[in-house]
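Step one of this worksheet: look at the structure below.
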Amino acid sequence: MQSLWDIANPQLRELSVYEPGKPIEETARELNIDPREIIKLASNENPLGSSPKAIEAMRVALNDAQLYPDGGGFYLRNALASKLGVKCENIILGNGSNEVIEFLGHAFLKPGDEAIASEHAFVAYKLIAALFGARTIETPSPNYEHDLNAMLDAITPKARIVFIANPNNPTGTLISQDKIDKYMSRVPENVVTVFDEAYYEFIDNPPDTLKYVRDRRNVVVLRTFSKIHGLAGTRVGYGIAHPEMIAVLQKTRQPFNVNSIAQIGALAALEDKAHERETKRLVDDGRSYLQEEFAELKLAFIPSAGNFIMVNVGDGPAIFGKLLTRKIIVRPLKGYNLPEWVRISIGTMTQNRKCIAALKEVLSQDRPS
Amino acid sequence: MNTVSISRRRFAQLLGAGAAAAVAKPAFSFAAEPIAQPATTSVVRLSSNENPYGPSSKALKAMSDAFDLSCRYPDEHVDELIQALAKLNGVNRDQILLGDGSGEILKLCAETFTGSTRGKLVAADPTFEAILNHARVNGAEVVKVPLNRSFGHDLPKMMAAAKEGLIYICNPNNPTASITPRNEVGEFIAKAPSQTMVLVDEAYYHYADSPDYESVIPLIKDHPNLIVARTFSKIYGMAGLRCGYCVAQREMIERMRPHQPWDSVNIMALAAAIASLNDPDQVANGKRLNTEAKTFVTSELDAMGYKQIPSQANFIMVDVKRPVAPLIQALKQRNVQVGRLFPALPNHMRVTIGKKTEMESFLSAFRQIAA
Numbered sequence: 012m013q014s015l016w017d018i019a020n021p022q023l024r025e026l027s028v029y030e031p032g033k034p035i036e037e038t039a040r041e042l043n044i045d046p047r048e049i050i051k052l053a054s055n056e057n058p059l060g061s062s063p064k065a066i067e068a069m070r071v072a073l074n075d076a077q078l079y080p081d082g083g084g085f086y087l088r089n090a091l092a093s094k095l096g097v098k099c100e101n102i103i104l105g106n107g108s109n110e111v112i113e114f115l116g117h118a119f120l121k122p123g124d125e126a127i128a129s130e131h132a133f134v135a136y137k138l139i140a141a142l143f144g145a146r147t148i149e150t151p152s153p154n155y156e157h158d159l160n161a162m163l164d165a166i167t168p169k170a171r172i173v174f175i176a177n178p179n180n181p182t183g184t185l186i187s188q189d190k191i192d193k194y195m196s197r198v199p200e201n202v203v204t205v206f207d208e209a210y211y212e213f214i215d216n217p218p219d220t221l222k223y224v225r226d227r228r229n230v231v232v233l234r235t236f237s238k239i240h241g242l243a244g245t246r247v248g249y250g251i252a253h254p255e256m257i258a259v260l261q262k263t264r265q266p267f268n269v270n271s272i273a274q275i276g277a278l279a280a281l282e283d284k285a286h287e288r289e290t291k292r293l294v295d296d297g298r299s300y301l302q303e304e305f306a307e308l309k310l311a312f313i314p315s316a317g318n319f320i321m322v323n324v325g326d327g328p329a330i331f332g333k334l335l336t337r338k339i340i341v342r343p344l345k346g347y348n349l350p351e352w353v354r355i356s357i358g359t360m361t362q363n364r365k366c367i368a369a370l371k372e373v374l375s376q377d378r379p380s
Numbered sequence: 015m016n017t018v019s020i021s022r023r024r025f026a027q028l029l030g031a032g033a034a035a036a037v038a039k040p041a042f043s044f045a046a047e048p049i050a051q052p053a054t055t056s057v058v059r060l061s062s063n064e065n066p067y068g069p070s071s072k073a074l075k076a077m078s079d080a081f082d083l084s085c086r087y088p089d090e091h092v093d094e095l096i097q098a099l100a101k102l103n104g105v106n107r108d109q110i111l112l113g114d115g116s117g118e119i120l121k122l123c124a125e126t127f128t129g130s131t132r133g134k135l136v137a138a139d140p141t142f143e144a145i146l147n148h149a150r151v152n153g154a155e156v157v158k159v160p161l162n163r164s165f166g167h168d169l170p171k172m173m174a175a176a177k178e179g180l181i182y183i184c185n186p187n188n189p190t191a192s193i194t195p196r197n198e199v200g201e202f203i204a205k206a207p208s209q210t211m212v213l214v215d216e217a218y219y220h221y222a223d224s225p226d227y228e229s230v231i232p233l234i235k236d237h238p239n240l241i242v243a244r245t246f247s248k249i250y251g252m253a254g255l256r257c258g259y260c261v262a263q264r265e266m267i268e269r270m271r272p273h274q275p276w277d278s279v280n281i282m283a284l285a286a287a288i289a290s291l292n293d294p295d296q297v298a299n300g301k302r303l304n305t306e307a308k309t310f311v312t313s314e315l316d317a318m319g320y321k322q323i324p325s326q327a328n329f330i331m332v333d334v335k336r337p338v339a340p341l342i343q344a345l346k347q348r349n350v351q352v353g354r355l356f357p358a359l360p361n362h363m364r365v366t367i368g369k370k371t372e373m374e375s376f377l378s379a380f381r382q383i384a385a
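The following block contains the structure:
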């Protein structure tokens with residue numbers, strides 16, 4: 012045996028590792044500046060911070076940090092069920108919604124199987140599929156949107172899961188109710204469809220996928236507290252599906268996967284309508300501003316339904332590097348096969364203005380007139 | 015929350031611990047759910063081997079400060095904790111993998127090293143059972159090897175039963191609080207075939223003070239098939255926060271890592287763990303207080319004629335000389351929660367070492383029911 016890789020599962024060799032947004036501290040060290048000067052618009056985090064109600068509840072919860080969490084997530088699952096009009100048995104909690112994607116891989120994917128995702132879709136799907144030895148079929152994405160017909164056509168007898176991100180990260184594109192309904196009328200019964208709705212709360216008239224949960228179709232809807240509720244650091248997300256599906260997924264998790272502080276914070280965040288409203292307003296205003304500025308700058312962008320916008324800057328990695336020296340972190344999208352584009356998370360209006368000002372500077376360097 | 019009046023403090027307690035009782039009966043709506051225990055009753059919780067003194071005050075402050083960052087993904091702080099743990103254990107940074115509790119480390123080990131093609135899991139009976147379930151999820155055969163007469167792992171039998179796959183050694187062992195002597199473990203690791211992984215779970219490491227016990231982390235440099243798991247749930251008092259880690263050679267860590275979703279450890283846990291490692295009193299005080307309360311309760315039990323398996327942990331396994339199940343129920347009715355029935359030892363009761371006052375409550379209730 013030359014190396015342990017000789018006996019490790021072969022699919023792991025080729026597996027790319029997820030690269031998160033460049034951290035603030037690391038950037039500050041590299042630039043030798045105060046971290047507070049840095050504007051991070053790279054990870055679609057909530058620019059308002061966590062829900063204040065959540066923080067207040069979490070502070071109190073620290074008094075019991077030595078006690079194991081409620082592994083069943085009883086209160087949070089019930090609160091979610093009551094908010095969503097489903098039952099507790101329809102909900103599974105994850106250590107972030109990413110963990111629920113991992114549960115799905117555990118439950119449904121094995122070597123030789125296929126998962127279907129769109130080109131330019133959230134990278135987690137193919138990472139998880141590869142982990143379980145399954146192949147990911149990536150369907151073409153004309154106009155950077157999911158093509159649900161192409162995804163249906165890609166379904167072979169080996170297909171187990173179809174991942175549909177709505178809105179999609181990083182493109183920000185939204186799939187209409189009509190297209191979802193048509194898809195659901197055609198998708199075979201033995202294929203699990205995952206609707207990843209991490210950015211659901213930012214959508215104005217969101218399509219309804221929970222009706223398919225209520226109809227006991229094989230769908231899993233993913234949501235998270237990381238975005239609208241600003242709890243990315245606490246790690247809590249959830250999946251919604253029919254009870255038998257949830258029972259299957261529950262088998263694959265470890266007993267105490269969601270920490271007690273996050274459970275309490277999430278519960279309080281659900282009650283914090285003001286923070287949710289304010290976050291959405293801030294994102295709506297920021298989106299309008301950024302999109303107008305991009306148009307002004309004659310930069311192609313994809314109208315976004317999320318709290319981020321994908322914009323064509325010509326050379327994504329170069330512009331990312333130049334913005335970095337101006338203390339602004341955005342996300343280059345080379346890993347998504349979108350080398351001309353960067354993804355900019357919508358920040359506070361001050362942050363958005365600084366970002367546009369810096370972008371103007373670096374673009375004028377590139378385009379001497 | 016509109017039909018039930020409940021303080022935030024009480025609510026936090028319910029979510030953390032007491033909810034266990036409520037979980038048994040899922041109800042349709044949150045608002046309609048009755049409270050698990052009347053708010054005036056104080057339950058003595060000696061069931062989950064938690065640390066009754068809680069996290070370091072430095073950890074509490076660090077977590078409180080970390081709420082400013084709770085809107086950010088936690089990746090920035092991972093490196094800092096890894097660096098501190100590498101230093102603490104005298105290994106390189108790439109030899110540490112953090113987990114969502116050591117529970118996640120066990121899950122990752124089962125996923126990486128057991129399965130229908132990768133091999134079976136060999137574990138003691140009784141032992142901490144979480145990893146058995148994960149191995150079964152992976153389609154692996156699970157072989158249980160009874161503990162030997164001194165409640166140590168029967169390592170020769172475990173080695174004979176193993177073929178590739180993974181051998182799980184919980185040392186000190188849960189639920190027996192017993193240790194497997196260091197010379198036996200050392201010899202076993204030296205002999206274990208390189209195709210078989212050995213996972214030593216040292217969750218209760220800090221509580222063991224026998225000269226026959228030592229950590230096997232120093233053996234990692236010579237043994238690529240050795241993984242050692244540790245946790246912040248016990249001496250560091252952070253069970254609710256979910257933070258654990260393992261130490262192994264770099265290549266093993268690299269094999270396990272892809273099985274883990276990213277951002278596995280939350281920001282509060284990272285902040286608290288880093289702060290705890292900088293508090294020299296946390297471990298020393300935790301050991302001392304545990305020893306004092308343990309000495310008290312074991313001498314009382316000895317005087318009553320109830321022997322225990324010699325404990326090297328923050329809990330004791332008491333021989334109650336009759337089926338334990340009814341006693342567990344009787345204690346529960348007296349608001350004292352102890353460990354569940356362990357079928358391999360049906361006449362033993364597992365009792366977590368709480369504060370001295372909690373042990374007094376336990377003894378008082380135990381005298382009533384055992385009389």
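If you read the protein sequences in the order shown, they are chains A and B. Per the working numbering, the first sequence runs over residues 12 to 380. Per the working numbering, the second sequence runs over residues 15 to 385. C-beta: ideal position from N, C-alpha, C; glycine also.
Using three-state DSSP, classify residue i as helix, strand or coil.
{"i": "D215/B", "result": "strand"}
{"i": "C381/A", "result": "Nothing about residue 381/A can be read from this structure; chain A reaches only from 12 to 380."}
{"i": "S92/B", "result": "According to the sequence displayed, residue 92/B carries Val and not Ser. If DSSP states are grouped into helix, strand and coil, V92/B belongs with the helices."}
{"i": "C99/A", "result": "helix"}
{"i": "M282/B", "result": "helix"}
{"i": "G384/A", "result": "Outside the modelled stretch of chain A, which goes from 12 to 380, sits residue 384/A, for which no answer is possible."}
{"i": "L111/B", "result": "strand"}
{"i": "T290/A", "result": "helix"}
To the nearest angstrom, report how far apart residue i and residue j are at their CA atoms.
{"i": "G244/A", "j": "V353/A", "result": "23 Å"}
{"i": "G179/B", "j": "F81/B", "result": "41 Å"}
{"i": "A132/A", "j": "K309/A", "result": "25 Å"}
{"i": "I50/A", "j": "D277/B", "result": "21 Å"}
{"i": "L185/A", "j": "N179/A", "result": "7 Å"}
{"i": "P275/B", "j": "S93/A", "result": "29 Å"}
{"i": "L146/B", "j": "D79/B", "result": "38 Å"}
{"i": "F331/A", "j": "A273/A", "result": "33 Å"}
{"i": "P218/A", "j": "E212/A", "result": "11 Å"}
{"i": "P328/A", "j": "P31/A", "result": "15 Å"}
{"i": "A138/B", "j": "N162/B", "result": "9 Å"}
Please list, in chain order, the chain A residues whose beta carbon lies closer than 7 Å to that of residue i.
{"i": "N280/B", "result": "G244, T245, R246, N270, A273"}
Output, in chain order, the set of chain A residues within a Cβ distance shorter than 8 Å of residue i.
{"i": "Y87/B", "result": "P31, G32, S54, E56, S237, A243, G244"}
{"i": "F81/B", "result": "S61, I66, M69, R70"}
{"i": "L74/B", "result": "L73, A76"}
Report the neighbours of residue i on chain A: residues whose CB is nearer than 9 Å to its CB, in chain order.
{"i": "K101/B", "result": "Near K101/B there are no residues of chain A at all, since even the closest Cβ is about 19 Å away, more than 9 Å."}
{"i": "E372/B", "result": "What E372/B touches in chain A: nothing, since even the nearest Cβ is about 13 Å away."}
Of the residues the options, which one's Cα is nearest the Cα of residue i?
{"i": "K169/A", "options": "F119/A, F133/A, K193/A", "result": "F119/A"}
{"i": "V111/A", "options": "Y300/A, G250/A, N177/A, I127/A", "result": "G250/A"}
{"i": "D45/A", "options": "E351/A, K190/A, R337/A", "result": "R337/A"}
{"i": "D226/B", "options": "P170/B, S164/B, P88/B", "result": "S164/B"}
{"i": "A385/B", "options": "V352/B, R336/B, N280/B, A358/B", "result": "R336/B"}
{"i": "D223/B", "options": "S325/B, A176/B, I281/B, Y320/B", "result": "S325/B"}
{"i": "L135/B", "options": "D168/B, P340/B, V212/B", "result": "V212/B"}
{"i": "P232/B", "options": "R86/B, V214/B, F246/B", "result": "V214/B"}
{"i": "S84/B", "options": "L159/A, R228/A, M360/A, I239/A", "result": "I239/A"}
Taking residue i as the query, report the chain B residues whose CB atoms sit under 8 Å from its CB, ordered along the chain.
{"i": "L115/A", "result": "Per Cβ cutoff of 8 Å: no residues; L115/A is ~11 Å from chain B at best."}
{"i": "L335/A", "result": "The contacting residues do not exist; L335/A stays about 16 Å from chain B at best."}
{"i": "L142/A", "result": "P272, H273"}
{"i": "I50/A", "result": "Those do not exist, as I50/A stays about 13 Å from chain B at its closest Cβ, beyond 8 Å."}
Report the neighbours of residue i on chain D: residues whose CB is nearer than 8 Å to its CB, in chain order.
{"i": "N109/A", "result": "Any reference to chain D falls outside this structure, whose protein chains are A and B."}
Could you name the residues of chain B that residue i contacts, counting a contact when the two beta carbons are closer than 7 Å?
{"i": "F267/A", "result": "G115, G117, R256"}
{"i": "E36/A", "result": "E90"}
Chain B contacts from the stretch 55-69 of chain A (Cβ-Cβ distance under 7 Å)
E56, N57, G60, S61, I66, A68, M69
Please identify, using Cβ separations under 8 Å, the residues of the stretch 240-261 of chain B that lie next to chain A, in order along the chain.
S247, G251, M252, A253, G254, L255, R256
Any residues in the stretch 176-191 of chain B with a beta carbon nearer than 7 Å to a beta carbon of chain A? Which ones, in chain order?
none
Listed from N- to C-terminal order along the chain, which residues in the stretch 74-88 of chain A have their beta-carbon within a distance smaller than 9 Å of any beta-carbon of chain B?
N74, D75, A76, Q77, L78, Y79, P80, D81, G82, G83, G84, F85, Y86, L87, R88
Residues of the stretch 96-107 of chain A with Cβ closer than 9 Å to any Cβ of chain B, in chain order
K98, C99, E100, G105, N106, G107
Members of the stretch 343-370 of chain A that neighbour chain B once the beta carbon cut-off is set at 9 Å
none
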